[in-house]
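Q:
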Amino acid sequence: MTNHPLPPNATIGIIGGGQLGRMTALAAARLGYRCHILTPEPDSPASLVSAAVTLADFEDQAALRRFADAVDVITFEFENVSAAGLDLLASLKPVRPSPAVLRISQDRITEKTFLNEAGVATAPWRAIDTLDDLRTAAAELGLPAILKTTRLGYDGKGQALLRTEADLATAFAELEPKPLILEGFVDFACEISVIIARGANGESAAFDTVENRHRNHILDLTLAPARIAEATATAAQDIARRVAIGLDLVGLLAVEMFVAADGRVLVNEIAPRPHNSGHWTIDACPASQFELHVRAVAGLPLPPAIRHSDAVMKNLVGPDDTALWPQILATPTLIPHLYGKTEARPGRKMGHVTHLFPRGALPGEFGVAAGLGVLGGSK
Ligand code: AMP
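Structure below.
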């Protein structure tokens, strides 16, 4: 199918069963495709809305083979499949984005090396194998600094803020698996992201730069568009395009960035899949990040990533936010999304809401909080 669009009723295989897979499957269904989910989780958010599921571990080679045999193209909502698994999948069916892209984004050292070689600025960083490496790197980069695992970190897991010399040994002992990476602390004015889709023919479409606010290391709010200088928003778009081209991406890519206090834009990390900071696009754009993901993977034309409205997206995290569901449903200005998870554990993303504003009318802090109604003051 390399150069041919995937025909209607074909099957898209999605690795991972979370909410990103669920919303991808919903977008795929609207375009007439079926989805087949590979996940170890029974009743996963994605499998609940998909035609088929292979219930297996991501490293179960026999299951990967059965899954690949049953689908027409393979993509991801979860990117931490081993190199062996990726190679097996790619030997059987088209894998989009390619295993090479996933390998780069799976590892913070490979990722930052790739970015810096592509001329994209990041926080200064050092690879850390030993406590001695950490002492040397901390002296070079200065404190505070952030020590992170290179693999499998997300939502603030697998990282430690080092404030003083005394923090070094404990953080080094606690963070696993090794090796680690030490990053200079970025005194950022705000965090932003750009989501870009790119097709096999090289055409691309990027959504406007958005601002992201975190609470307890988990994304809390996305404001679309970001309230930053136009030159900064454009710089972020240019970076996303450069990264997508450098990766020879086919699919969707989220680029998370810091706007430093001095206005420079530094990339924090990249994710070659739909991203939480793009959920607002379902309600504020004619074609969402999920539709663009499906279109890029299926070889369909990419529509422009335009926005008909400004938007605020707020995540519903854990039991406290979930308890507000009845009030959310009773607020007509909140567009509700729930992911079908049965257990609202603390810190777990259960759903999100979007509040739309006319294009160009995203208000200030007070207006944003007021727009979120019952969720506006939730902490
Ligand atoms: P990450 O898991 O790398 O996305 O980091 C999670 C969050 O930690 C980011 O969204 C930032 O708020 C913060 N953070 C990560 N790296 C740095 C850094 N080098 N300097 C300052 N804050 C950071």
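In case it helps, numbering that gives the first Met the number 0 puts the sequence shown at residues 0 to 378.
By construction, the Cβ of each residue, glycine as well, lies at the ideal position given by its N, Cα and C atoms.
Using the three-state DSSP reduction, which class does Ala205 fall into: helix, strand or coil?
A: strand
Q: Report buried or exposed for Ile24, applying the criterion of at least 16 other Cβ atoms within 10 angstroms of its Cβ.
A: Here residue 24 is Ala; the residue named in the question, Ile, does not match the sequence. Buried, because 16 or more other Cβ atoms sit within 10 Å of the Cβ of Ala24.
Q: Would you be able to state if there are at least three C-beta pairs under 8 Å between the stretch 250 to 261 and the stretch 185 to 201?
A: yes
Q: Can we say the stretch 71 to 86 touches the stretch 284 to 300, given the rule of at least three CB pairs closer than 8 Å?
A: yes
Q: Let me know the beta strand (DSSP E) ranges lying completely inside the stretch 26 to 114, each 3 residues or longer, listed in chain order.
A: 33 to 38, 51 to 54, 72 to 75
Q: Please report the Cβ distance between Leu91 and Arg64, rounded to the nearest whole angstrom; I am assuming they are in contact, meaning their Cβ atoms lie under 8 Å.
A: 7 Å
Q: Is any heavy atom of the ligand AMP found at a distance shorter than 6 Å from the C-beta of Ile145?
A: yes
Q: Going along the chain, which residues of its own chain have a beta-carbon closer than 7 Å to the beta-carbon of Leu140, five neighbours each way excluded?
A: Pro123, Arg125, Leu181, Gly183
Q: Spatial neighbours of Ala103 within its chain, please: CB distance less than 6 Å, with the 5 preceding and 5 following residues excluded, ordered by chain position.
A: Inspection of the sequence shows that residue 103 is occupied by Ile rather than by Ala. The residues are Thr109, Glu110, Phe113.
Q: Leu374 to Arg241, Cα distance in whole Å?
A: 37 Å
Q: Considering only residues of the stretch 188 to 267, which uninterrupted beta strand (DSSP E) runs meet the minimum length of 3 residues and lie entirely inside it, listed in chain order?
A: 203 to 205, 209 to 214, 217 to 223, 250 to 259
Q: Suppose you measure from the CA of Glu202 to the CA of Ala270; what does that come to, to the nearest Å?
A: 19 Å
Q: In whole angstroms, what separates the C-alpha of Gln326 from that of Pro345?
A: 20 Å
Q: Does the beta-carbon distance from Leu161 to Leu179 come in below 7 Å?
A: no
Q: Taking the straight line between their C-alpha atoms, what separation do you get for His351 and Asp131?
A: 44 Å
Q: Counting C-beta neighbours from all protein chains within 10 Å, is the total for Lys378 16 or more, i.e. buried, or is it exposed?
A: Below a pLDDT of 50, predicted positions are generally treated as unreliable, and Lys378, at 46, falls in that range; the measurement from the model is reported next regardless. When all chains shown are included, Lys378 counts as exposed.
Q: Let me check you understand the geometry: is the CB of Glu182 closer than 6 Å to at least one non-hydrogen atom of the ligand AMP?
A: yes
Q: Taking 6 Å as the cut-off, is the beta-carbon of Ala137 closer than that to any non-hydrogen atom of the ligand SAH?
A: You won't find the ligand SAH in this model; what it holds is the ligand AMP.
Q: In angstroms, rounded to a whole number, what distance separates the CA positions of Thr129 and Ala82?
A: 25 Å
Q: What does DSSP give as the partner residue(s) for Val367 in the beta ladder?
A: DSSP lists no partner for Val367.
Q: Rounding to the nearest angstrom, what Cα-Cα distance links Ala360 and Val80 in this structure?
A: 42 Å
Q: Which same chain residues end up closer than 6 Å to Gly245 when comparing Cβ atoms and leaving out the 5 residues on each side of it in sequence?
A: Ala117
Q: On the CB-based measure, 16 or more other CB atoms within 10 Å of its CB, does Glu164 come out buried or exposed?
A: exposed
Q: Would you say the beta carbon of Glu268 is closer than 6 Å to some non-hydrogen atom of the ligand AMP?
A: yes
Q: Measuring only the C-alpha atoms, how far is Thr321 from Lys340?
A: 11 Å
Q: Would the beta-carbon of Ala122 be found less than 6 Å away from any heavy atom of the ligand AMP?
A: yes
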